[in-house]
Every structure is written in C-alpha cells, then in structure tokens.
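J.:
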Amino acid sequence: MATNQLSRDTAQSHQTRRAAAVEIIQEQFTQANVKVLDPQEALKGYEAGDNNLDSDIKDDYNCVTEPPFDPRSAASILVGLFREFPRWKPGSTINFAAYADGYTEPGDAKFAALRLWEAAKEWNEHNLGVKFEWVGKLDEATFVL
C-alpha cells in the first residue's frame, strides 16, 4: 500500500487489511528503527532471579503517545480496527509483542513487557478459554504493548 492510510474497503479480507496495517506501521516507524523485544532474551534475566525490576519505577506512568486518561472511562480501552471488535474462539492463542523503544527510560520497555507477560502467564493458568503468548515478531502479534 503506497499511502499512509488504511483502506476502508470492507470487501478486502481481514488478512489483507491486517497486512496493510502492519506495512503502514513499519513504514511510518522505519526511521525510528522500531523493533520489538525478543521474549527469550528479555526473560533470561527474569528467570535467573532478576525480577526486582520495579525499584524506582513510577506507578502512574502514561505512554508518551497518549494523554492521561480516566481509567473508569468506557473509552479507556480501545480495541479493534475500524468497526471490527475482535472476539476469539475458545482455545485460541492471542499473540502479543512489546516495542523495545518508545518509553521515557531505557528499562521501561522491558519492565512493561515483563509485567504483561506475568499477567498473561497468570491468565493462562486459569484456563479462561483463550491463551496469551509473547512473540518476538511484529507481524505475528495481535496487539503490541
């Protein structure tokens, strides 16, 4: 896709629209060398006992790309693309990736990714119908932290 906007043509398949979205994201952020964290690399230190990552971390962090929001607001979580609101069949695996950069401090990306991984791991232990898996490739991810 040559433009920086997604087509609103609903006749296109979900896969075609998703591929176009990933391409736009990659093109828009190429200059910034956007990369995602490698889960195996990030988990090495964590599993070796280096899980005291929360020292000196603010507990009210907002992403630099978003204004502060009221977490009680119905609009505080936005999911989907255009008018699509994804739902997954029981037994599905939802892949996520974590951007390596884009945080105020260098260690914040790893901190956030590990906290999401912990939450995903706990969710998966409860067998609630779908599972979450941390992947190291942007194009394999359903969502990116």
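Counting the sequence shown from 1 gives a position; this note's numbering is that position plus 44. Ideal Cβ positions, reconstructed from N, Cα and C, are used throughout, including at glycine.
1. Would you say alanine 64 faces chain D, with C-beta separation under 8 Å as the test?
2. Have a look at Ala65, Asp82, Arg61, Lys165 and flag the residue whose alpha-carbon is nearest the alpha-carbon of lysine 181.
3. Are there 16 or more other CB atoms within 10 angstroms of the CB of phenylalanine 140, so buried, or fewer, so exposed?
4. Which partner residues of threonine 137 appear in the DSSP bridge assignment?
5. If leucine 175 sits next to threonine 148, beta carbons under 8 Å apart, how far is it from one beta carbon to the other, in whole angstroms?
6. Taking all protein chains shown into account, do 16 or more other C-beta atoms lie within 10 angstroms of the C-beta of aspartate 158, making it buried, or fewer, making it exposed?
7. Over the uninterrupted alpha helix (DSSP H) stretch that includes arginine 159, give me the two end residues.
8. Can you tell me whether alanine 46 is helix, strand or coil according to DSSP?
9. DSSP state of tyrosine 90, grouped into three classes?
T.: The answer reads as follows:
1. Absence of chain D from the displayed structure is noted, only one protein chain being present.
2. Asp82
3. buried
4. Note: threonine 137 sits in a beta bridge opposite Lys175.
5. In the sequence as presented, leucine is not what sits at residue 175; that position holds lysine. About 31 Å; that fails the 8 Å criterion.
6. Before going on, a small fix: residue 158 reads as leucine here, not aspartate. By the neighbour-count rule (16 or more Cβ atoms within 10 Å), leucine 158 is buried.
7. 152-169
8. Low confidence applies to alanine 46: its pLDDT is 46, below 50, so where it sits in the model is not reliable enough to give any reading.
9. helix
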